[in-house]
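Protein chains in written order, with the numbering used here: chain A, 2 to 309; chain B, 1369 to 1982.
Below you'll find the structure, written out as structure tokens, and then a few comments.
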């Protein structure tokens, strides 16, 4: 085990609401062949609870069982044993589906429809009155920034545009619970940031979001709690900040520290007998650098970033 | 449906009849029970393999119970959304190409269909029914079988399944969407066919003035010019109005309009009586045998086609057609139009050109009053006789010289009138079937008949799409295509298969199963006993024969549950110029409706129990 603390059962319950919206009990899924013989045990006895208003991340490498978990929670798969409950009910029930939104991994949408038709179609599935539907479609098209391409068939869309319209369809019913399966797949860094911001906005609106990803950075910024799955088993579960906290190291960050001050700090640390320490300027992440360049470029078009 | 088939009234069709006929309602109810039983059993077995017997029971029971409120909560708005999606999908995937292909072929059809043939209407109508029918059925199969599997393969169905949509709504939406496309294409094909039909056979002639001469009645007789592969003989009255004889299934009306270059100017109008929708009033057929005793069947002359039963010449043998409810509507201008389609069976050649002579007369079944025989010659062609209402009495001694068909012959409580046919030539036979002699009651709109015929194709489209969709709920595209194609072909030949199954089943009950079923056949094979040798009278033979009977019963049930598309096909009525009875259309509708509900339920359960993401 690394320096990361295990907080599986002791995660601090800082939640806006204690209502459990998702619960799995001993949830197991075994894929079988035509003759009923076991092919893969995709999920083994998963116990989870997701509470209202939190962003819950399902993290794991490919084949770890996170997509299977999501499909079980959506009623797209039936459990081999155990139980999955959403809002306390079987997820295949219509009453459950009225309250959820789902962005699949590849935005599986009808490519012969255009953006407006797509949202109109999904809106009709919710029995929305026509005027409400029309208003919602307009809002969502604006939200995902596809007004300029709303009449183009989806087969002409780029992957990023398809993800955006996929997200819009997931939000068409203003759901309480949103499942996002690998939401940043196919997005550029700007799109990834926007997606993360959107997830945070959804949280601010009191919605519960379940996100799967194998990109660790995707969840680090946004998730309140994460579950780490590997080979179908739950390996870790807890609050992100608690899981990432390195308890035996200390970090001091300060702006405009003078060289004499740095020397003094170094002297103090040596006096305390601390051997492995470093005092240096921090580096930013490549994502942050990229985003700042793009923002600057948008503010002052035609100028090279950082030329001043 | 064939024109020789007896058309039952809706009530007769629905309710059981004495003998082999169960009636539509009982068949539907029985099929439903069988379907539910085997559906539950199959579901339980499959679920037991996967989940064990107790959970399987819970699953099957739960799904069955849940289905009722789910069916009741079907949302028209969601079904409409799914329908519109399926419609758009089909249109944008170029389903209308089928219509383009149809139009393209129709553009060149005139090259290959000969309007100068003896029976051009029959040829044209057969083509204009069968070609669009096969094309639209092919389109229906292709539309229905690939859509759901493609949705599952592309995973687009994930976004549907995670919305509040019921499996039945997904099924119904697709069904209605594809049906919309099929209907659109079929209607377009029907309109083009109708226009093509009316234009392709439209023609006129000129009167050949040199051929005109006056006959003994003062009428002008002659002939027309040779057009469209034929010419007509003409007869014009002194007022200048006339008509041609019937040639190539039509006549022309001729009218004199003044003079041209000092000669009378005759105008030959476009063809008439080409497209007909004659209404048949058929009667109940019985026979008198050669000794004059009443019997249900005539003489069997050994024809394979058992529709015709025969009347022997110069004996007391007769065919009796009994018509009920005879009233004024049976007569046209004081005449009773009776059409004879009589088969001839010769035991010696005789004069092959002249046909076989016979007589017909009318009898009051209560009073036995009868008219004098009217001679006719049967030549195996449709022969329309206009019989005057007043007929000479056969029995002059009774005091009545003339008998009125309505006031004397049909003067009994149920207004019954018998038409009896006898054969006048010794050693020769006249064959009649239940629909071969009838009274022509009216001539209805051909256009309506054409629409009714196309409605039959539409019913077939409904069946093919529904079956295709059901197969696509549990099979992948190509396999579903194969299954649908087999189902469609079976449906087209189902009548023969059903006939075989029925004859085996009822035959086995009456006379035993000649040679036995598969198990007995196997026993005979291994014990080297051919079908002529009786098996020993032992317990194991009894068991084998009982097992074979169960097998036969299962086959009989299955065969009778599968659809018979031939009953949805009334094009022979159209081709032969008969009105398609409303009862036939209603029977077709109810049959399709029955299958529709059953198949929607089957599709629902398959979709409901399907793991979409597996």
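By construction, the Cβ of each residue, glycine as well, lies at the ideal position given by its N, Cα and C atoms.
By the DSSP assignment, the alpha helix (DSSP H) with residue 171/A in it spans what residues? That run of the alpha helix (DSSP H) goes 160 to 171.
Of the residues 1691/B, 1650/B, 1472/B and 1484/B, which one's Cα is nearest the Cα of residue 1617/B? Nearest of 1691/B, 1650/B, 1472/B and 1484/B to residue 1617/B, Cα basis: 1484/B.
Leaving out five residues on either side along the sequence, give the residues of the same chain with a beta carbon under 6 angstroms from the beta carbon of residue 1451/B. In its chain, beyond the 5 residues on either side, 1541, 1544 and 1545 have a beta carbon closer than 6 angstroms to the beta carbon of residue 1451/B.
On the DSSP bridge assignment, give the partners of residue 1905/B in chain order. For residue 1905/B, which the question treats as bridged, DSSP gives no partner whatsoever.
Taking 8 angstroms as the threshold (beta carbon to beta carbon), is residue 142/A in contact with chain B? The Cβ of residue 142/A sits no closer than 8 angstroms to any Cβ of chain B.
Which residues bound the beta strand (DSSP E) around residue 45/A? Per DSSP, residue 45/A belongs to the beta strand (DSSP E) from 39 to 52.
Rounded separation between residue 1916/B and residue 1399/B - CA only: C-alpha separation (whole angstroms): 21 angstroms.
Using three-state DSSP, classify residue 301/A as helix, strand or coil. The answer is coil: DSSP assigns residue 301/A none of H, G, I, E or B.
Whole angstroms are fine: how far does the CA of residue 1869/B sit from the CA of residue 1372/B? The alpha-carbon atoms of residue 1372/B and residue 1869/B are separated by roughly 21 angstroms.
From 1671/B, 1429/B, 1969/B and 1526/B, pick the residue whose C-alpha is nearest to that of residue 1442/B; which is it? Considering only alpha carbons, the answer is 1969/B.
Using a Cβ-Cβ cutoff of less than 6 angstroms, which residues in the same chain neighbour residue 1605/B once the five nearest sequence positions on both sides are dropped? Spatial neighbours of residue 1605/B in its own chain (CB-CB distance under 6 angstroms, excluding positions within 5 residues in sequence) are listed in chain order as 1587.
What's the call for residue 1369/B, buried or exposed, on a 16-neighbour Cβ count within 10 Å? The residue is buried, with at least 16 neighbouring Cβ atoms inside 10 Å.
Below 8 angstroms CB to CB, which residues in the same chain sit around residue 1554/B once its five sequence neighbours on both sides are set aside? Contacts found: 1500, 1504, 1822, 1825, 1826 and 1829.
Give me the subset of the segment 1526 to 1545 of chain B whose CB atoms are less than 8 angstroms from a CB atom of chain A, sorted by chain position. Per Cβ criterion, the list reads 1526, 1527, 1528, 1529, 1530, 1531, 1532, 1533 and 1534.
Are residue 1816/B and residue 1755/B close, meaning C-beta to C-beta below 8 angstroms? Going by C-beta atoms, residue 1816/B is not nearer than 8 angstroms to residue 1755/B.
Buried or exposed: which applies to residue 1939/B, given that a residue is buried once 16 or more other Cβ atoms fall within 10 Å of its Cβ? With 16 or more other Cβ atoms within 10 Å, it is buried.
Where do the N-terminal and C-terminal ends of the alpha helix (DSSP H) with residue 1785/B fall, by residue? Looking at the DSSP string, residue 1785/B is not in any alpha helix (DSSP H); the run it does join, the beta strand (DSSP E), is 1785 to 1791.
Within 10 angstroms of its Cβ, does residue 13/A collect 16 or more other Cβ (buried), or is it exposed? Model confidence at residue 13/A stands at a pLDDT of 43, short of 50, so the residue's coordinates are unreliable; what they give is reported in the following sentence. Per the 10 Å Cβ criterion, exposed.
Who are the neighbours of residue 128/A on chain B, taking C-beta pairs under 9 angstroms? Listed along chain B are 1443, 1445, 1446 and 1532, each with a C-beta nearer than 9 angstroms to that of residue 128/A.
How would you call residue 28/A, buried or exposed, if buried means at least 16 neighbouring beta carbons within 10 angstroms? Buried is the call here.
Scan the segment 117 to 196 of chain A and note each continuous alpha helix (DSSP H) run of 4 residues or more that stays entirely inside, going in chain order. The qualifying runs are 131 to 144 and 160 to 171.
Partners in chain A for residue 1457/B, counting only beta-carbon separations shorter than 8 angstroms: Residues of chain A whose Cβ lies closer than 8 angstroms to the Cβ of residue 1457/B are, in chain order, 111 and 113.
For residue 154/A and residue 110/A, believed in contact at Cβ under 8 angstroms, the rounded distance: Rounded to whole angstroms, the Cβ separation of residue 110/A and residue 154/A is 11 angstroms, and the two are not in contact under 8 angstroms.
Relative to the alpha-carbon of residue 44/A, which residue among 212/A, 234/A, 255/A and 267/A has its alpha-carbon at the smallest distance? Of 212/A, 234/A, 255/A and 267/A, the residue nearest in Cα terms is 234/A.
Report the rounded CA-to-CA distance for residue 65/A versus residue 104/A, giving the unit in angstroms. Between residue 65/A and residue 104/A, the C-alpha separation is close to 19 angstroms.
Closer than 8 angstroms is the cut-off here; do at least three beta carbon pairs connect the segment 1663 to 1673 of chain B with the segment 1781 to 1790 of chain B? The segment 1663 to 1673 of chain B, when compared against the segment 1781 to 1790 of chain B, does not touch it at the 8 angstroms Cβ threshold.
Residues of the segment 76 to 90 of chain A with a CB closer than 9 angstroms to any CB of chain B: list them in chain order, please. Here the close residues are 76, 77, 78, 79, 81 and 82.
Taking the alpha helix (DSSP H) that residue 79/A belongs to, which residues open and close that run? That residue, residue 79/A, is in no alpha helix (DSSP H); it is neither H nor E in DSSP.
Test item: CB-CB of residue 1531/B and residue 94/A under 8 angstroms: The answer is no: Cβ separation not under 8 angstroms.
In three-state terms, what does DSSP make of residue 1674/B? Residue 1674/B falls in the coil class under three-state DSSP.
So with CB distances below 7 angstroms, who are the chain A contacts of residue 2030/B? There is simply no residue 2030/B to check, as chain B begins at 1369 and stops at 1982 in what is shown.
Would residue 1511/B and residue 1742/B qualify as a contact pair, given that the criterion is a beta-carbon distance under 8 angstroms? In terms of Cβ geometry, residue 1511/B and residue 1742/B do not form a close pair [threshold 8 angstroms].
Flag residue 99/A as yes if its beta-carbon sits less than 8 angstroms from any beta-carbon of chain B, otherwise no. Answer yes: the Cβ-Cβ gap between residue 99/A and chain B drops below 8 angstroms somewhere.
Against chain A, does residue 1979/B count as a neighbour if the rule is that its beta carbon must be under 8 angstroms from one of theirs? Residue-level contact check: residue 1979/B touches chain A, since one or more beta carbons of chain A fall below 8 angstroms from its beta carbon.
Indicate whether at least one CB of chain A lies closer than 8 angstroms to the CB of residue 1454/B. Residue contact check for residue 1454/B against chain A: no CB pair falls below 8 angstroms.
With 8 angstroms set as the bound, which would you pick, yes or no: does the beta-carbon of residue 9/A sit closer than that to a beta-carbon of chain B? At residue 9/A, the pLDDT of 39 sits below 50, so the modelled position is not reliable and the matter cannot be decided from this model.
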